[in-house]
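Just so you know, the protein sequences line up as chains A and B, in that order.
Going by our numbering, the first residue of the first sequence is number 1, and it counts up by one from there.
Going by our numbering, the first residue of the second sequence is number 352, and it counts up by one from there.
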Amino acid sequence: MAQQEFIIERYNPDTDESYEESFNVDVQPGQTVLDSLNAIKWDQDGTLSFRMSCRHAICGSCAMKVNGQSMLSCQTQVDAAAERGDPIRVGPQGNQNVIKDLVVDVNKFLNQFERAETWLEPYEDQEPPEREYRQKVEEFDHWSHASTCIHCGACYSDCTVAAVDENFLGPAALAKAYRFVMDSRDSKREERLQFLSEEQGGIWDCTRCYMCVQACPKDVLPMDAIMELRTLAIEAGHVNNHGVRHHKGFMSGVRKRGRLDEMMLPVQSVGIGRLLTGNLAAHKEMMDYTPGAIRLLKSRKLLTIAQRHGANADGREQIERIFEEVEAEKHHHDVDAEAFGAEFETAIGGH
Amino acid sequence: MLQHDVLIVGSGLAGMRAALEVSSDPTLDVAILSKVHPLRSHSGAAQGGIAASLGNSAEDSWDLHMFDTVKGGDYLVDQDAAEVLTREGPENIFELEHMGCAFSRDDEGRVAQRRFGGHTAPRACYAADRTGHAVLTVLFEQLLRRGVKVYSEWYALDLVVKDNVCQGLVAYDILSGQIEAISAKAVMFGTGGYGRAFRVTTNAFASTGDGVVMAYRAGIPLEDMEFVQFHPTGLQGSGILLSEAARGEGAHIVNSDGFRFMEDYAPGRMELAPRDIVARAEQSEIEAGRGVTALRDSVFMDLRPIGEERIRYALPSVLHLARDFAGIDPLDAPVPIQPTAHYSMGGIPCDINGQVRIKDLDGAPEITGFFAAGEASCVSVHGANRLGTNSLLEAVVMGRRAGRGILDVVHDLEPTSIDEGDMANAVGEVDHFLTADGSQKVGEIRAELRDTMMDKCGVFRDDAELKECLSEVKDYQERFKHISIDDHGSTFNTDLLDAIELGHMLEYSEVITTGAIARQESRGGHARRDFPDRDDENWHRHTLAYRPQEGEDGPRLEYCAVNMEPRFREPFPLQERTY
Ligand code: SF4
Ligand code: SF4
Ligand code: FES
C-alpha cells in the first residue's frame, strides 16, 4: 500500500477562511480520487465537504478540479492523477462561488439550462401520434451523444468565456440546446437558432478554446455542438453584429486580467475574428482548423504550468506582448502554437 | 411554517413523474424536496432499459409481461399491481417518447427493444445503456418547463402523521442548516431504496432508505423488507453495476474452468435467467472454489462474443465502467464480477394508486394524505424478486398513478399544520448529533454494519448466521448512541447527514434481518440454506414489520395476503418456478 499526499483547497464559511490543507492517504490499486476524499473524511477530518452520490460517473455530483483541471473525482484514478509522486491538488470547480470546501453554488451553471429553455417544446398544432414518433437511426445517432450530458459542470468550470462573462450560456446548456435543435420532435428549431444567435452569451461568444471538450467526462463534445449551431444559424440567416462587438469587449477584458486559463484564447481567436465577419467560407475553414494548442492542452502542459504558477503582475506585460504577436499573426493559418506555448512558459516564470 | 398543497419527497423517476402529473392541475401548489439535486437522483444510474410490451421487435402482450413479472417475483407479486404495471406500460413509454426521451431506435425508426433476464420477449426499451439517465433527464426538463418548485438539497428529517392523517414534513436545509416544517395536504415519498447497508452494492451513497425509515418511525409498518435483490453482474470489489444489457446482448458468464455454468442452473435461459437465480449460481460456484482472480471471490463475464462494434454501440457505459473502474478492457479480456446488493423489493405498503395503507388490518385503513411510489414503496409489483427493466417502468407507471391518486383526493383533504411539538423529534435528532461527544465513529460503525449485512444476510442465508447478524446489528445500534461527529457547522454539513443516514441504516437493517429470520422458506431474493424450498402453504404472504413499542425488543411482525385478483384477466395460479 502506497501513501499519497493530497493538497486540498478548503474554505470555511463560518470563519470566511480559505486555506490549503495536506492529507496523506493510503492508496490501493484502483483507488479513485473520490475514494481518497472519503478516506480523509471518514478517518481523518469529518468536516471536509464535497458532493458525491453514484460513484460511477453518472450522477454528475462530484466534478472538481484535480491538478487544476475539472473532472469527475469518482472517475479519476489516483495513479493517473499523481505524476511522479507529486501531491495531488484538489480544489472546487471554477467559475462558480464556493460554498464550503469543494462544494460550489451550482445555480449559476444550472440556471443556464432554464435560460436556454432546454426542454422539448412539442408541436402545439398537432396531436402526438398514438404510438412513438418515428426517428431514423441516423437522425438519432447524429445528436444522441449530446443527450449524454450528466450536468456535472466540468465544462463550465473550465470554460474560458464563462470565466469572464457571467452572461455566457456555457458549453453544457448550448450543447443541450443543440440536442433539441436537432431533434425532429421539437417544434421550436427556428426560435432556438434565433435566440442562440442573438442572445448575449449565445453561440457567438464561444472562443473555441476546446476546454469543454477536454473536461467533459461524457461524449457531449460541447464545442462541436456550438460550431454546428453556428453553421445552422448562418444557414438560417441569423448573422448579427452583436457577436462581433461582444467578442471584442471580451478580448480586451482578458488582456487586462491576464489570467492564465484565459491565455489559450489568443491562439483560438486567430480565426475567430474572420469568422465573426460572417464569412461563411472562413467559418467552414475554421471547422477543420485544429490549432496546435489543442495538442498542447492534451499534453496538459499549459495547464500544469498554469496551476503551478498563476499569472502575476509581471507576467501581464508579457501576456500583452503575446497578444500583440498573436494578432500580428492573425492572418496566417499556420500559427505555431508550440512556439507560442514556449513563449508563454517564459512569460509566466521561465521554467 | 412552509406550506404546499402537495409535497413530493425524492426526485427520481417516481417523484418527478408524480409531480408532473400533479402539476397538470394549475390550481394546485406542488413542490419537490430532495436531498440531492433532481438530476443526481439514483434513477439515473439505471442502465439497461425500461420494459413494456410494445411488440416492436417481436410479438408481445401485456399478459405475457404480467406472467413473466409474477413468475419472476416467485408469485409473491400482487397481481392487481402487476396487471396495472404491464397494461399501462406501453402508453407510459409513448408519453416519455413524446416528451423527448432519447430512446435508441430500430431500423423502422421505432423505439428499439432488446432481451432481458426473465422476460420471454424482447421488451426492454432502451437509450443505449443509460436508460435511467435518459428518462430522468427528460422528466426534469419537463418539470422545469412547468416551473415546479424544487427544494434542492433539502433533507427530510421526519414525517408527521397524527391519527392516521399525514400533516407534512420536517426538513433540513443543507445549505443553511435551518430546520423547517412544511405542511401539505398530500405528501408522496419517492425516496428510493436501501441497498447501502451492504458492503458490495450498486447503490449510490444516497440510497440509505431514509423515506422507508421515516414512515416506520411514524408508525407505518414496512412490507417485505427481507427481500433484497443481489444483481449478478457487479464489478468485483466495488460492486458497481455492469448492466444486465450485457447479458441481453449475449455476454457469457464463466467460472475458473471457463465453463458457462448457467448450463447447470437454468439450462433453458442460460445467462438470461432472472437475477436472483444467476446471482445464486455465481455464489455457489464461488463457494465451490471455482471463483476467479487471486481472491477467488468472483466469476468472469465475457463480452467478446457480442462483437466489438455492437459493444461500442449498445454498451458504451459497460465498456467505460470496466475500463475506468476495473482497469480491464472488455474488448480484450473477461471482466471479474460478483453478486452486488442492487434493489429493495420491500418498502412502504401502498395500493395501486400510491395510497399508503396498513394492509394487515381489516379494511386496510389508509394513512390519509400519504402516498408512495417507486423503490421506496411496496405495491407489490416485484414480489420476492424484481425482473430487470421493471423498476424504471414501476417508477414511471406508479409515479403517474400516485400523481393521479393525489389529484383524485387532494381537493377534498383538509389543510394540515405542524406545530413546534411536532418538530421536536427532528430538532432533537439534529441537536443530538451536533452536540454528541462519544468516542464511536460513524464511518467505523457503518463499515462494520455493511460487512455484517453482506456476509450474514446476503445471497444465501441461514438461521444461525441471521441471528448473529441481528445481534451484531443491535450492538452497532448500541454503539451508535455513543458517537460524535467532527463538523458542528451549519453550512453543508455532510458529516451530520452521514450520522443521520447511519441511524436509518441501523434501523432498517434490523427489520430486514428480523423478517429474514422469521421467513422459513426460500423465495426469490430470499434464499435460506436451511429451508431451500418455497413454502406456499405457510409463506405465500407479505411480511409487515411494525416498529417496536415501549417494552418490545424488536420489530413486531404481522402478515397479509398476496393479491390474486387482477381486474382484466384470471389470476396466474401458483406454479413451480423453473427456467
Ligand atoms: S470551446 Fe467555447 S464553450 Fe467550450 S470551453 Fe471554450 S469558450 Fe467555453
Ligand atoms: S457537457 Fe460534459 S462536462 Fe459539461 S456538464 Fe455535460 S457532461 Fe459535464
Ligand atoms: S459520484 Fe456521481 S458522477 Fe461522481
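Glycine included, every Cβ here is placed at the ideal spot set by N, Cα and C.
For clarity, every value in this text was computed on a predicted model and none was experimentally measured.
Buried versus exposed, by CB contacts within 10 Å (16 or more), residue i
| i | result |
| --- | --- |
| A:Gln69 | buried |
| A:Tyr210 | buried |
| B:Met352 | exposed |
| B:Arg708 | buried |
| B:Ala941 | Nothing can be reported for residue 941 of chain B, as the shown portion of chain B is limited to 352 through 930. |
| A:Gly201 | buried |
| B:Ala639 | exposed |
| A:Asp16 | exposed |
| B:Thr902 | The question names Thr, but residue 902 of chain B is Gly in the sequence shown. With fewer than 16 other Cβ atoms within 10 Å, it is exposed. |
| B:Phe919 | exposed |
| B:Asp773 | buried |
| B:Gln580 | buried |
According to DSSP, residues forming a beta bridge with residue i
| i | result |
| --- | --- |
| B:Ala912 | B:Arg892 |
| B:Leu384 | B:Val360 and B:Tyr502 |
| B:His693 | Partner(s): none; B:His693 has no beta bridge. |
| B:Arg456 | B:Val462 |
| B:Pro700 | B:Cys729 |
| B:Val538 | B:Leu358 and B:Phe721 |
| B:Tyr897 | B:Arg907 |
| B:Pro687 | B:Phe651 |
Limits of the alpha helix (DSSP H) - the one that residue i falls within
| i | result |
| --- | --- |
| B:Thr437 | Gln430 to Arg438 |
| B:Gly658 | From DSSP, B:Gly658 is part of no alpha helix (DSSP H); its letter is neither H nor E. |
| A:Ser36 | Val33 to Asp43 |
| A:Val363 | Within the shown structure, residues of chain A are numbered from 1 to 351, placing residue 363 of chain A beyond reach of any answer. |
| B:Glu576 | According to the sequence displayed, residue 576 of chain B carries Met and not Glu. Segment: none, B:Met576 is in no alpha helix (DSSP H) and carries neither H nor E. |
| B:Gln926 | Run containing B:Gln926: none; DSSP gives neither H nor E here. |
| B:Asp425 | Looking at the DSSP string, B:Asp425 is not in any alpha helix (DSSP H), and its letter there is neither H nor E. |
| B:Leu672 | Pro667 to Ala677 |
| B:Met856 | Thr845 to Ala869 |
| B:Met565 | Asp561 to Arg568 |
| B:Arg830 | Asp814 to Phe831 |
| B:Tyr486 | As written in the sequence, residue 486 of chain B is Val, which differs from the Tyr given in the question. Per DSSP, B:Val486 belongs to the alpha helix (DSSP H) from Thr482 to Arg497. |
Opening and closing residue of the beta strand (DSSP E) in which residue i lies
| i | result |
| --- | --- |
| A:Ser49 | Segment: none, A:Ser49 is in no beta strand (DSSP E) and carries neither H nor E. |
| B:Leu586 | Val579 to Leu586 |
| B:Glu653 | Note that residue 653 of chain B is Asp in the sequence shown here, rather than Glu. Note, B:Asp653: beta strand (DSSP E), Val650 to Asp653. |
| B:Asp759 | Here B:Asp759 belongs to no beta strand (DSSP E); instead the alpha helix (DSSP H) covers Asn741 to Val761. |
| A:Asn12 | Ala2 to Asn12 |
| A:Gln135 | From DSSP, A:Gln135 is part of no beta strand (DSSP E); its letter is neither H nor E. |
| B:Gln518 | Val516 to Asp524 |
| A:Lys100 | Val98 to Lys100 |
| B:Arg956 | Summary: the structure shown does not reach residue 956 of chain B, with chain B confined to residues 352 through 930, and so no result is reported for it. |
| B:Ala617 | Premise fails: B:Ala617 is in no beta strand (DSSP E) and is neither H nor E. |
Check: Given a limit of 9 Å on CB to CB distance, which residues of the region 51–63 of chain A reach chain B?
Finding: Listed by position along the chain: Arg51, Met52, Ser53, Cys54, Arg55, His56, Ala57, Ile58, Cys59, Gly60 and Ser61.
Notebook entry, point to check: Within the chosen definition, does the region 377–391 of chain B reach the region 695–703 of chain B through at least 3 CB pairs nearer than 8 Å?
Noted result: Counting Cβ pairs under 8 Å, fewer than three are found: no touch.
Margin query: Please list, in chain order, the residues of the region 106–120 of chain A that have any C-beta partner in chain B closer than 8 Å.
Written below: Contact residues of the region 106–120 of chain A toward chain B are Val106, Leu110, Phe113, Glu114, Glu117, Thr118, Trp119 and Leu120 (C-beta to C-beta distance below 8 Å).
Next item on the list: Could you tell me whether the region 731–751 of chain B touches the region 424–436 of chain B, where touching means 3 or more Cβ pairs closer than 8 Å?
Entry: Three or more Cβ pairs closer than 8 Å define a contact, and the region 731–751 of chain B meets that threshold against the region 424–436 of chain B.
Next item on the list: Return the residues of the region 753–773 of chain B that lie within a Cβ-Cβ distance of less than 9 Å from chain A, sorted by chain order.
Entry: Correct list: empty, as no residue qualifies.
Note to self: Output needed in chain order: residues of the region 167–186 of chain A with a Cβ under 9 Å from some Cβ in chain B.
What the structure shows: Listed in sequence order: Lys176, Arg179, Phe180, Asp183, Arg185 and Asp186.
Check: Can at least three beta-carbon pairs, one atom from the region 468–481 of chain B and one from the region 498–512 of chain B, be found at a separation below 8 Å?
Finding: Contact fails: fewer than three Cβ-Cβ distances are below 8 Å.
Item checked: Contact set between the region 454–465 of chain B and chain A, restricted to residues whose Cβ is under 8 Å from the partner -> Within the region 454–465 of chain B, the qualifying residues are Phe454, Ser455, Arg456, Asp457, Asp458, Glu459, Gly460, Arg461 and Val462.
Next item on the list: Check distances from the C-beta atoms of the region 441–453 of chain B to those of chain A and list, in chain order, the residues that come in under 7 Å.
Entry: For the region 441–453 of chain B, the set of residues with a beta-carbon nearer than 7 Å to any beta-carbon of chain A comprises Phe445, Glu448, His449, Met450, Gly451 and Ala453, in chain order.
Next item on the list: Could you tell me whether the region 666–684 of chain B touches the region 575–594 of chain B, where touching means 3 or more Cβ pairs closer than 8 Å?
Entry: With a cut-off of 8 Å, the region 575–594 of chain B and the region 666–684 of chain B count as touching, because enough Cβ pairs lie within range.
Item checked: Members of the region 62–81 of chain A that neighbour chain B once the beta carbon cut-off is set at 7 Å -> The region 62–81 of chain A vs chain B, Cβ under 7 Å: Gln75.
Margin query: If the cut-off is 9 Å on Cβ atoms, which residues from the region 385–396 of chain B count as contacting chain A, listed in chain order?
Written below: Under the 9 Å Cβ criterion, the region 385–396 of chain B contributes Val387, His388, Leu390, Arg391, Ser392, His393, Gly395 and Ala396.
Check: Which of the residues in the region 842–856 of chain B, read from start to end, lie with their CB under 7 Å from any CB of chain A?
Finding: Of all residues in the region 842–856 of chain B, those with a C-beta nearer than 7 Å to a C-beta of chain A are Thr842, Phe843, Thr845 and Asp846, reading in chain order.
Margin query: Is it the case that the region 525–545 of chain B contacts the region 818–826 of chain B, given that we only count it when at least three CB pairs across the two stretches are under 8 Å?
Written below: Segments in contact, no.
Check: According to a CB-to-CB cut-off of less than 9 Å, which residues of the region 676–691 of chain B neighbour chain A?
Finding: Shown in chain order are the members of the region 676–691 of chain B whose Cβ falls below 9 Å from a Cβ of chain A: Phe676, Ala677 and Gly678.
Margin query: Along the region 464–478 of chain B, where does the CB come closer than 7 Å to a CB of chain A? Name the residues.
Written below: The region 464–478 of chain B vs chain A, Cβ under 7 Å: nothing.
Check: Of all the residues that make up the region 20–36 of chain A, which are near chain B by a beta-carbon distance shorter than 7 Å?
Finding: Closer than 7 Å at the C-beta level to chain B, one finds these residues of the region 20–36 of chain A: Gly30.
Item checked: Residues from the region 478–489 of chain B in contact with chain A, defined by Cβ distance under 9 Å -> Listed in sequence order: Ala478, Ala479, Arg481, Gly483, His484, Ala485, Thr488 and Val489.
Check: Do three or more CB pairs link the region 368–381 of chain B to the region 751–768 of chain B at distances below 8 Å?
Finding: Output reads yes: the region 751–768 of chain B touches the region 368–381 of chain B.
Next item on the list: Could you list the residues in the region 35–49 of chain A with a C-beta less than 8 Å from some C-beta on chain B, going in chain order?
Entry: From the region 35–49 of chain A, only Lys41, Trp42, Asp43, Asp45, Gly46, Thr47 and Ser49 have a Cβ closer than 8 Å to chain B.
Check: Do the region 511–523 of chain B and the region 549–558 of chain B meet, that is, are 3 or more Cβ pairs less than 8 Å apart?
Finding: At 8 Å Cβ cutoff, the stretches do not touch.
Notebook entry, point to check: Quick one, which residues of the region 582–611 of chain B are near chain A if we go by CB-CB under 8 Å, in chain order?
Noted result: Of all residues in the region 582–611 of chain B, Gly588, Ser589, Ile591 and Leu592 have a Cβ within less than 8 Å of some Cβ in chain A.
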